[in-house]
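A.B. asks: What follows is a single structure, and I will ask about it in a moment.
Protein chains: 2
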Amino acid sequence: MLDERKLKILYAIINSYILSAEPIGSRTITKQYDLGVSSATVRNEMSDLEDLGYLNKPHSSAGRVPSDKAYRLYVDQLLKMIKPKIDFDRKEAIKKTLLREAREMDQLLQNSARLLSAITSYTALAVSPKMKGAKIKLIQLVPIDEIQVLMTIVSDTGVVKNSIFRMNGPISEDQINTISNMLNDKLKGLPVDRINDDLANEIIMEIYEYKNVIDKIIPIINKSLEDVQDVDIYADGITKILDFPEYKDLEKAKTFISFIEDKDTIVELLLNNSLTQDIEISIGSENVYDPIKDCSLITANYRLGDRVIGKIGVIGPTRMDYYNVINNLYLVSINISEIIDTLLGKNR
Amino acid sequence: MLDERKLKILYAIINSYILSAEPIGSRTITKQYDLGVSSATVRNEMSDLEDLGYLNKPHSSAGRVPSDKAYRLYVDQLLKMIKPKIDFDRKEAIKKTLLREAREMDQLLQNSARLLSAITSYTALAVSPKMKGAKIKLIQLVPIDEIQVLMTIVSDTGVVKNSIFRMNGPISEDQINTISNMLNDKLKGLPVDRINDDLANEIIMEIYEYKNVIDKIIPIINKSLEDVQDVDIYADGITKILDFPEYKDLEKAKTFISFIEDKDTIVELLLNNSLTQDIEISIGSENVYDPIKDCSLITANYRLGDRVIGKIGVIGPTRMDYYNVINNLYLVSINISEIIDTLLGKNR
DNA sequence: TTTAGCACTCAACGACTTAGAGTGCTAACA
DNA sequence: TGTTAGCACTCTAAGTCGTTGAGTGCTAAA
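Heads up: the sequence lines are chains D and C, in that order. Here the numbering used here runs 566 ahead of the position in the first sequence, where the first position is 1. Here the numbering used here runs 566 ahead of the position in the second sequence, where the first position is 1.
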């Protein structure tokens with residue numbers, strides 16, 4: 567669509583703007599890049615690029631700024647070239663950092679967010695493996711005392727969730743154990759979100775002698791299972807956004823930080839888009855949520871085996887260093903998948 | 567030390583400054599408060615108060631600003647008058663809000679932070695019950711598969727901690743159960759921080775037939791117990807600090823937010839001071855940590871029975887609305903204690 | 001089609017002025 | 001001796017104004 571010279575000029579502007587955050591003029595381009603044409607020519611081309619929607623002018627006597635459309639073009643190009651080459655030394659170095667003091671999933675993800683934010687100097691996000699779609703590996707009830715019972719659920723994605731509930735009346739250890747075994751037999755291997763009323767009734771039929779107890783327990787379990795579906799969010803480098811001139815405005819900064827602080831929205835942000843692409847990028851106005859309509863979000867999946875179970879992401883101004891972010895996000899994500907495999911793998 | 571008129575003028579200045587955040591001049595005082603003297607007299611008194619260290623001047627032709635010493639005087643006075651009266655309607659209203667969707671400890675504390683921040687319009691903090699000093703109510707090992715074992719520890723403060731570890735080789739369910747029962751017998755009722763090498767050796771002696779296995783498990787358990795001592799931090803309203811004119815400076819705002827984001831420091835901040843006083847206040851330079859040397863921190867304890875197990879707090883500019891904060895913090899804290907008692911109580 | 005030249009635009013910056021709030025001192029007063 | 005009116009003085013905040021410089025867009029020539 568764009569001829570080669572226009573593309574060259576556009577990329578030059580994007581590169582300069584990513585570095586300087588200041589509107590780029592025609593002379594800056596001709597001085598910094600050897601295009602073999604004069605600034606007047608560049609000026610004409612820039613005017614065309616503006617008409618085509620790739621550039622914007624903050625005001626009539628300022629230079630040009632890339633539009634979201636320009637970044638989109640640029641990023642799509644980038645994605646084609648970036649994937650094939652993985653720097654293995656770099657990958658192993660990242661792995662080493664990720665494993666530092668990370669014996670469990672939560673520390674692994676915490677480390678990932680921290681590392682990503684440190685490398686990229688943007689805000690980094692990570693979401694813990696989602697229970698939805700995960701299979702129950704272990705469900706267990708343990709009496710804590712006469713009326714309190716601890717329910718523990720372990721998923722095949724390595725997530726452990728606890729829930730304490732109280733019975734209406736005393737209940738014996740034997741009763742609890744019987745029910746616990748029963749539940750385990752029935753539910754092991756099932757997807758978490760398949761536990762519904764029908765299944766509950768089936769369980770009740772099976773151990774009818776404990777009907778009274780089960781009747782009381784099932785709704786509690788169901789309620790607990792709702793909580794169990796919760797995922798955790800790890801965010802790091804939230805204040806880094808304040809370093810960028812586009813966020814020198816306090817009101818903007820506040821909106822952004824509040825947005826990142828809101829766990830529920832971030833979960834939606836990360837999990838509500840498709841899980842098919844390895845690297846997902848939404849630029850500026852492509853974002854659904856108002857507070858980040860002048861940010862870009864880049865996310866990557868991590869997996870257990872071949873199943874996508876969670877996401878990590880980086881969010882920053884639209885003029886972010888896409889190359890650096892995409893590269894590192896990708897490296898971190900495949901490292902996470904590998905580490906999870908060694909933590910949980912070998913045994914499905 | 568200060569005569570009555572000086573006190574009256576000082577309090578007037580503090581009150582005005584809390585509201586306006588702007589240096590207070592002698593005329594402002596005489597207009598807003600009926601002191602029965604002229605601005606010239608007030609001027610003389612203010613000069614004295616400055617010499618005594620209760621007031622500061624931003625520059626020679628500006629009004630005066632209260633010093634930390636002034637706030638300390640003011641707050642100590644306030645504390646004497648505030649405690650006795652508890653508004654029971656208000657207390658119950660707060661309780662209702664705290665209990666909304668709060669079936670478990672983490673939600674209760676989350677709600678507390680949210681509510682406190684909403685009421686006070688400052689940043690609110692809550693720390694989950696500390697394991698240190700808590701007694702083990704239940705410790706349990708469950709095999710997840712051939713080599714993975716889930717350890718669950720429940721404390722009498724209602725904290726549940728999980729830890730998954732892998733054995734070097736396969737281990738039978740019976741073995742795990744025997745060890746689990748053994749540990750439970752030995753450790754139940756003991757303070758978490760009393761589990762050390764001596765005790766480990768004792769346990770090993772007792773079930774010598776499993777020595778090989780126990781030898782492998784004990785260090786893993788010890789390592790896990792370290793993690794178990796971790797507490798969680800709930801923060802809410804971090805960005806509220808940006809609403810105050812004293813934080814219009816981006817660099818200051820950044821330092822503050824980064825400080826609040828650093829979980830480890832916040833844990834120290836909340837737990838490292840004495841637990842004896844119900845309400846603890848540190849004003850400006852009284853704070854140990856540089857980033858909050860122009861903030862005031864007010865904390866309150868919450869309890870299980872008569873044992874202090876955690877803290878909540880509010881942090882804001884030194885010119886905070888101490889009366890409002892102290893009052894609400896106190897109400898929230900006694901509500902938390904009451905709710906914890908009904909959640910865990912009756913059974914020590 | 002490209003380019004040199006030039007008039008025009010506009011934000012950013014510094015210099016300057018003004019307004020206003022406040023202080024501190026002095027001298028008079030109760 | 002404490003209080004107060006009066007006044008000169010100080011200093012910041014806000015507004016005005018000209019200047020600078022980067023940049024554009026148009027025109028006409030190469």
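The beta carbon of each residue, even a glycine, is placed where N, CA and C say it ideally should be. This structure is a prediction, so every number in the text was calculated from the model and none was measured.
#1: Please name the residues in the region 679–712 of chain C whose beta-carbon is closer than 8 angstroms to at least one beta-carbon of chain D, in chain order.
#2: For the region 729–744 of chain D against the region 711–718 of chain D, do three or more pairs of beta-carbon atoms, one drawn from each stretch, fall closer than 8 angstroms, so that the two count as touching?
#3: With a Cβ-Cβ cutoff of 7 angstroms, do D/S721 and D/A692 count as a contact?
#4: Would DSSP call D/V854 helix, strand or coil?
#5: If the criterion is Cβ atoms closer than 7 angstroms, does the pair C/A668 and C/D802 meet it?
#6: Determine which residues of the region 812–840 of chain C have a Cβ less than 8 angstroms from any Cβ of chain D, and write them out in chain order.
#7: Whose CA, out of D/D830, D/D793, D/Y889 and D/E768, lies closest to the CA of D/D781?
#8: Mind checking who C/M717 pairs with in its DSSP beta bridge?
#9: Could you tell me the alpha carbon to alpha carbon distance between D/N890 and D/T686, rounded to whole angstroms?
#10: Any beta carbon of chain C sitting closer than 7 angstroms to that of D/T718?
#11: In the DSSP assignment, what are the bridge partners of D/K701?
#12: Between D/K657 and D/N901, what straight-line distance do the alpha-carbon atoms span, to the nearest angstrom?
#13: Interface residues of chain D around C/L808 at Cβ under 9 angstroms?
#14: Are the CB atoms of C/Y813 and C/I807 within a distance shorter than 7 angstroms?
#15: Answer with yes or no whether the minimum CB distance from D/T805 to chain C is below 7 angstroms.
#16: Cβ-heavy atom distance between C/L816 and the ligand MN below 6 angstroms?
#17: Would you tell me roughly how many angstroms separate the C-alpha atoms of D/D617 and D/R630, rounded to the nearest one?
#18: Is the shortest distance between the beta-carbon of C/V726 and the beta-carbons of chain D less than 7 angstroms?
#19: Mind the definition here: the region 587–595 of chain C touches the region 874–887 of chain D only if three or more C-beta pairs lie below 8 angstroms; say whether that holds.
#20: Does the beta-carbon distance from C/F739 to C/P785 come in below 7 angstroms?
#21: Name the DSSP bridge partner or partners of D/V540?
#22: Helix, strand or coil for D/D802 per DSSP?
#23: Taking the C-alpha atoms as reference points, what is the distance between C/L573 and C/K661?
#24: Using a Cβ-Cβ cut-off of less than 8 angstroms, list which residues of the region 651–672 of chain D approach chain C; keep chain order.
#25: What is the DSSP secondary structure of D/N838, reduced to helix, strand or coil?
#26: Assuming contact is defined by CB atoms lying nearer than 7 angstroms, are C/T805 and D/S824 in contact in what I supplied?
#27: For C/I849, collect the residues of the same chain with a Cβ closer than 8 angstroms to its Cβ; drop the 5 residues on either side in sequence, then sort them by chain order.
#28: For C/G871, which residues from the same chain have a beta carbon less than 6 angstroms from its beta carbon, with the 5 sequence-adjacent residues on both sides left out?
#29: List the residues of chain D that C/I906 touches, going by C-beta distances under 9 angstroms, in chain order.
#30: Is it buried or exposed, C/A866, if we count other Cβ atoms within 10 angstroms and call 16 or more buried?
#31: If you compare alpha carbons, which of D/L704, D/T831 and D/G724 is closest to D/K754?
#32: Along chain D, which residues have their Cβ under 9 angstroms away from the Cβ of C/I902?
#33: Whole angstroms are fine: how far does the CA of C/Q676 sit from the CA of C/L756?
#34: Quick one: what does DSSP say C/N734 is sitting in, helix, strand or coil?
#35: Which residues, in chain order, does the region 850–881 of chain C contribute to contact with chain D at a C-beta distance below 7 angstroms?
#36: Between C/G619, C/D815, C/L576 and C/Y620, which has its C-alpha nearest C/L601's C-alpha?
C.D. replies: This is what the structure gives:
#1: K703, L704, Q706, V708, I710, D711 and E712
#2: A contact exists between the region 729–744 of chain D and the region 711–718 of chain D.
#3: As a first step, residue 721 of chain D is located in the first sequence; it is residue number 155 there, counting from the start. As a first step, residue 692 of chain D is located in the first sequence; it is residue number 126 there, counting from the start. The answer is no: Cβ separation not under 7 angstroms.
#4: Translated into the one-based positions of the first sequence, residue 854 of chain D becomes position 288. Shown here, D/V854 sits in coil according to DSSP, grouped into three states, outside any helix or strand.
#5: Start at 1 with the first residue of the second sequence, and residue 668 of chain C comes out as number 102. Start at 1 with the first residue of the second sequence, and residue 802 of chain C comes out as number 236. Contact: no.
#6: K814, L816, A819, K820, I823, S824 and E827
#7: Counting from 1 along the first sequence, the entry for residue 781 of chain D is found at position 215. If we check each option's Cα against that of D/D781, D/E768 comes out closest.
#8: Within the second sequence, the letter at position 151 stands for residue 717 of chain C. DSSP, once it has assigned bridges, lists C/L707 and C/S729 as partnering C/M717.
#9: Within the first sequence, residue 890 of chain D is the residue found at index 324, counting from 1. Within the first sequence, residue 686 of chain D is the residue found at index 120, counting from 1. So the two alpha carbons sit approximately 7 angstroms from each other.
#10: In the first sequence, counting from the first residue as 1, residue 718 of chain D sits at position 152. It does: the Cβ of D/T718 has a partner Cβ on chain C nearer than 7 angstroms.
#11: Indexing the first sequence from 1 puts residue 701 of chain D at position 135. Here D/K701 is bridged, per DSSP, to D/P757.
#12: Locating residue 657 of chain D in the first sequence gives position 91, where the first residue counts as 1. Locating residue 901 of chain D in the first sequence gives position 335, where the first residue counts as 1. Looking at the two C-alpha atoms, the distance is approximately 7 angstroms.
#13: Taking the first residue of the second sequence as 1, we reach residue 808 of chain C at position 242. The answer, in chain order, is L816, E817, A819, K820 and I823.
#14: To locate residue 807 of chain C, count along the second sequence from 1; it is residue 241. To locate residue 813 of chain C, count along the second sequence from 1; it is residue 247. Their beta carbons are under 7 angstroms apart, which means C/I807 touches C/Y813 by this criterion.
#15: As a working mapping, residue 805 of chain D is identified with position 239 in the first sequence. Cβ-Cβ to chain C under 7 angstroms: yes for D/T805.
#16: No copy of the ligand MN appears in this structure; indeed no ligand is present at all.
#17: Locating residue 617 of chain D in the first sequence gives position 51, counting from the first residue. Locating residue 630 of chain D in the first sequence gives position 64, counting from the first residue. Whole-angstrom Cα-Cα distance: 12 angstroms.
#18: Locating residue 726 of chain C in the second sequence gives position 160, counting from the first residue. Cβ-Cβ to chain D under 7 angstroms: yes for C/V726.
#19: no
#20: Mapped onto the second sequence, residue 739 of chain C falls at position 173. Mapped onto the second sequence, residue 785 of chain C falls at position 219. Correcting the residue identity first, residue 739 of chain C is Glu in this sequence and not Phe. No; because the gap between Cβ atoms is not below 7 angstroms, this pair is not in contact.
#21: Residue 540 of chain D lies beyond the stretch modelled for chain D, which goes from 567 to 914, so this question has no answer here.
#22: Locating residue 802 of chain D in the first sequence gives position 236, counting from the first residue. Correct three-state label for D/D802: strand.
#23: Taking the first residue of the second sequence as 1, we reach residue 573 of chain C at position 7. Taking the first residue of the second sequence as 1, we reach residue 661 of chain C at position 95. So the alpha carbons of these two residues sit roughly 37 angstroms apart.
#24: R669 and E670
#25: To locate residue 838 of chain D, count along the first sequence from 1; it is residue 272. Looking at D/N838 - three-state DSSP - the assignment turns out to be coil, as it is neither helix nor strand.
#26: Against the second sequence, residue 805 of chain C aligns to sequence position 239. Against the first sequence, residue 824 of chain D aligns to sequence position 258. Closer than 7 angstroms, so yes.
#27: For the purposes of this step, residue 849 of chain C is taken as residue 283 along the second sequence, with counting starting at 1. Result list for C/I849: D634, Y637, R638, V641, S862 and T884, in chain order.
#28: Residue numbering aside, residue 871 of chain C sits at position 305 when the second sequence is read from its first letter. For C/G871, where only same-chain residues beyond five positions count, there are no Cβ hits under 6 angstroms.
#29: In the second sequence, the residue the question calls residue 906 of chain C occupies position 340. Going along chain D, no residue has its Cβ under 9 angstroms from C/I906, so there is no contact; the nearest lies around 12 angstroms.
#30: Working through the second sequence from its first residue, we reach residue 866 of chain C at position 300. The residue is buried, with at least 16 neighbouring Cβ atoms inside 10 Å.
#31: Within the first sequence, numbered from 1, the residue matching residue 754 of chain D stands at position 188. Per the Cα distances, D/L704.
#32: By 1-based counting over the second sequence, the position of residue 902 of chain C is 336. Close partners of C/I902 in chain D (Cβ separation under 9 angstroms) are lacking, with about 17 angstroms as the shortest Cβ gap.
#33: The residue you call residue 756 of chain C lines up with position 190 of the second sequence. The residue you call residue 676 of chain C lines up with position 110 of the second sequence. Rounded to the nearest angstrom, the two C-alpha atoms are 29 angstroms apart.
#34: Translated into positions along the second sequence, residue 734 of chain C becomes position 168. If DSSP states are grouped into helix, strand and coil, C/N734 belongs with coil.
#35: none
#36: Stepping through the second sequence from its first residue, residue 601 of chain C is reached at position 35. Comparing Cα-Cα distances from C/L601 to each of C/G619, C/D815, C/L576 and C/Y620, the minimum goes to C/L576.
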